[in-house]
Structures are given as structure tokens and as C-alpha cells.
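So the structure is just underneath, and the comments pick up after that.
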Amino acid sequence: MFKKICLIVPLVISPAIFAAESNTGKDYCAIKEEKINQQIEYAKKDNNPNRLEGLERALSHVKAHCSNKDYVADTERKIADKARKVEECRQELAEAKATGKSDKISKKQKKLQEAEAELDEALNSL
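Those letters in the sequence shown? Residues -19 to -1, 1 to 107, per mature numbering (1 follows the signal peptide of the UniProt record, and there is no 0), in order.
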């Protein structure tokens, strides 16, 4: 089952990522810069020079190196993590069914449904 997910996920996400790459990559980098700038403001308010120095270094790194490839890699990683979680939940559900305990089975079914919803959300966010 895990092999199926490993084969299906790249086929599902690749076209959507590359279709959205031109717009989303710019947004991705801008969002990263915005988040770092927000943290810089917090560091200034807290008078934390060490944190400020690290954040300014991170900001310059993002400005110099952020690209669509970062967005694609980050998105693929998140989706793969969600797919892995779904597979783990399926295995746990199968083990619970083997025990025959209905309360354990219902908990594992709920956990699987939540994991599948997270995966769907990640796929739809493309």
C-alpha cells in the first residue's frame, strides 16, 4: 500500500505544482520574507541582538536564494509526510481490527479519516 502511495503522490502533485509554479513561487518567497521581517520586529522590541543578527542573516539568505524550487520541494515534502501518515494510520487500523476491540477500531478509523483529510487539504492547497 505504501508503494502505491509513493507512486501516486508524485503523479498527482507534479502537474499541479508546475502549473502554479510561476505565481506561487513569488508568493512563497514573499511570505518567507514577511515572516522573517515580523520576527525581526519582535526581536527589536525584545531588545534581542543575537536573535536579530540571526534573523537578518536568514533574511539576506532568503532574498539571495529563494526560488520556485524551494516551494516545490517544500510542498512535495509536506504531501509525502501526509501520505506517510495516512499509510501509518491504515496499518494501525488493520492491527486494531485484528484485535477485534471496537473502541480501538473506532479511534483508529477517526485518526485515519483525519489523516486523509489533512492529505486532501495539502493536495488541494496546490
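For every residue, glycine included, the Cβ atom is placed at its ideal position computed from N, Cα and C.
Query raised in the report: Shortest alpha-carbon distance to LYS66 belongs to which of ASP101, LYS85, HIS42?
Result: ASP101
Query raised in the report: Ends of the alpha helix (DSSP H) at LYS63?
Result: 49 to 80
Query raised in the report: Taking one C-beta from the region 18 to 33 and one from the region 54 to 61 each time, how about it: are there three or more such pairs within less than 8 Å?
Result: no
Requested in this report: Give me the Cβ distance between ALA39 and ARG32, rounded to the nearest whole Å; I'm assuming they're in contact under 8 Å.
Outcome: Between ARG32 and ALA39 the Cβ distance is about 10 Å, and since that is not below 8 Å, they are no contact.
Report task. Report the rounded CA-to-CA distance for GLU76 versus GLU68, giving the unit in angstroms. Result -> 13 Å
Query raised in the report: According to the Cβ coordinates, are LYS91 and CYS70 closer than 7 Å?
Result: no
Query raised in the report: Would you call the CB atoms of LEU36 and ILE17 closer than 7 Å?
Result: yes
Query raised in the report: Excluding five sequence neighbours on each side, which residues of the same chain lie with their C-beta closer than 6 Å to the C-beta of CYS10?
Result: CYS47
**Report entry** Environment of LYS63 [buried if 16+ CB atoms lie within 10 Å]
**Finding:** buried
Query raised in the report: Between which two residues does the alpha helix (DSSP H) containing ASP101 stretch?
Result: 83 to 105
Query - Secondary structure of ASP8, DSSP reduced to three states - result: helix
Query raised in the report: Terminal residues of the continuous alpha helix (DSSP H) containing ASN31?
Result: 30 to 46
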